[in-house]
Amino acid sequence: DAMVIQNPRYQVTQFGKPVTLSCSQTLNHNVMYWYQQKSSQAPKLLFHYYDKDFNNEADTPDNFQSRRPNTSFCFLDIRSPGLGDAAMYLCATSRDLTGGGYTFGSGTRLTVV
Amino acid sequence: EDQVTQSPEALRLQEGESSSLNCSYTVSGLRGLFWYRQDPGKGPEFLFTLYSAGEEKEKERLKATLTKKESFLHITAPKPEDSATYLCAVQPLIKAAGNKLTFGGGTRVLVKP
Numbered sequence: 119d120a121m122v123i124q125n126p127r128y129q130v131t132q133f134g135k136p137v138t139l140s141c142s143q144t145l146n147h148n149v150m151y152w153y154q155q156k157s158s159q160a161p162k163l164l165f166h167y168y169d170k171d172f173n174n175e176a177d178t179p180d181n182f183q184s185r186r187p188n189t190s191f192c193f194l195d196i197r198s199p200g201l202g203d204a205a206m207y208l209c210a211t212s213r214d215l216t217g218g219g220y221t222f223g224s225g226t227r228l229t230v231v
Numbered sequence: 392e393d394q395v396t397q398s399p400e401a402l403r404l405q406e407g408e409s410s411s412l413n414c415s416y417t418v419s420g421l422r423g424l425f426w427y428r429q430d431p432g433k434g435p436e437f438l439f440t441l442y443s444a445g446e447e448k449e450k451e452r453l454k455a456t457l458t459k460k461e462s463f464l465h466i467t468a469p470k471p472e473d474s475a476t477y478l479c480a481v482q483p484l485i486k487a488a489g490n491k492l493t494f495g496g497g498t499r500v501l502v503k504p
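Line order of the protein sequences matches chains B and A. Every position in the first sequence, counted from 1, becomes a number in my numbering once 118 is added. Every position in the second sequence, counted from 1, becomes a number in my numbering once 391 is added.
Shown next, in the form of structure tokens:
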């Protein structure tokens, strides 16, 4: 089945130690998104890629970066994780930017110690 | 700025006790309103898309409706397996917003046998 896969499902990192989360998709969708979801809160869009074009949300901290080396893969890099960055990170895809919903991955739960 | 407010925050139901979840929204032109189901520790799973006031969609025990200001998710005769967080999201018509979904905080539903 075509899907969105996030690895790892659970990630524990030390305060200040760079960490990378991974997302891959077999849907061949043009757009990939990263959302941050803190406990019992709404998912918050960090940024998205339309093909190779990167679009950052205005309030996304500089600590968060992203890479999309090809259509299938997208990475979320957190350069210096703080305790406030502990959250579920959700990767999602959509076919294009003309409407329609997303297909989400299962998420990566990040713990910062 | 697009805003989505969901109520109640939490809902406890007995099996078979029907109820409704509310999603109130403000958006500069609605392209679509989306309902997702999210199980603990997992990514959101798509349920419905509604595009215009008066539209209704059904899936098993769930029925979603849409007006110009709000959407309702009706759960008829719920079963314990309907326990989850239900998320509502809006997508604006403005082209500059791309395909961005703005989510509400969700309603946590617990159905007891």
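Beta carbons: idealized from backbone N, C-alpha and C, even for Gly.
Leaving out five residues before and five after residue i in sequence, what residues of the same chain have Cβ atoms less than 6 Å from its Cβ?
i: A401 of chain A; result: R499
i: L484 of chain A; result: G420 and R422
i: K448 of chain A; result: F439 and A455
i: D214 of chain B; result: N148
i: L501 of chain A; result: R403 and S474
Under the rule that 16 or more other beta-carbon atoms within 10 Å means buried, what is residue i, buried or exposed?
i: D199 of chain B; result: Here the sequence assigns Pro to residue 199 of chain B, which means Asp is not the residue at that position. By the neighbour-count rule (16 or more Cβ atoms within 10 Å), P199 of chain B is buried.
i: F133 of chain B; result: exposed
i: D430 of chain A; result: exposed
i: S462 of chain A; result: buried
i: L453 of chain A; result: buried
i: Q155 of chain B; result: buried
i: L139 of chain B; result: buried
i: Q397 of chain A; result: buried
i: V358 of chain A; result: Outside the modelled stretch of chain A, which goes from 392 to 504, sits residue 358 of chain A, for which no answer is possible.
i: Y151 of chain B; result: buried
Ordered along the chain, which non-local residues of its own chain (more than five positions away) have a Cβ less than 7 Å from that of residue i?
i: G225 of chain B; result: Q124, M206, Y207 and L208
i: A468 of chain A; result: G407, S409 and R452
Counting only the same chain and skipping the five closest in sequence on each side, list residues whose C-beta sits under 8 Å from that of residue i.
i: F222 of chain B; result: V122, L208, C209 and A210
i: K503 of chain A; result: R403, L404, Q405, E406 and P471
i: Q129 of chain B; result: V137, L139, T226, R227, L228 and T229
- Examine the Cβ distances between the segment 410-422 of chain A and the segment 171-189 of chain B and report whether three or more of them are shorter than 8 Å. no
- Query: Are the segment 154-169 of chain B and the segment 126-145 of chain B in contact at 8 Å, needing three or more beta carbon pairs?
  - Reply: no
- Which residues, in chain order, does the segment 178-203 of chain B contribute to contact with chain A at a C-beta distance below 9 Å? none
- Query: Given a limit of 7 Å on CB to CB distance, which residues of the segment 413-442 of chain A reach chain B?
  - Reply: R422, G423, F425, G432, K433, G434, P435, F437 and T440
- Item | Interfacial residues, the segment 127-154 of chain B to chain A, with Cβ spacing under 7 Å | V149
- Task: Identify each residue in the segment 490-502 of chain A for which the Cβ-Cβ distance to at least one residue of chain B is less than 9 Å, and report them in chain order.
- Result: N490, K491, L492, T493, F494, G495, G496, G497 and R499
- What are the residues of the segment 465-484 of chain A that lie near chain B, defined by any Cβ-Cβ distance shorter than 7 Å? Q482
- Task: Could you name the residues of the segment 205-216 of chain B whose beta carbon sits closer than 7 Å to any beta carbon of chain A, in the order they occur along the chain?
- Result: L208, S212 and L215
- Hey, which unbroken runs of the beta strand (DSSP E) at 3 residues or more fall wholly within the segment 401-450 of chain A? 401-405, 410-417, 421-429, 436-441 and 447-450
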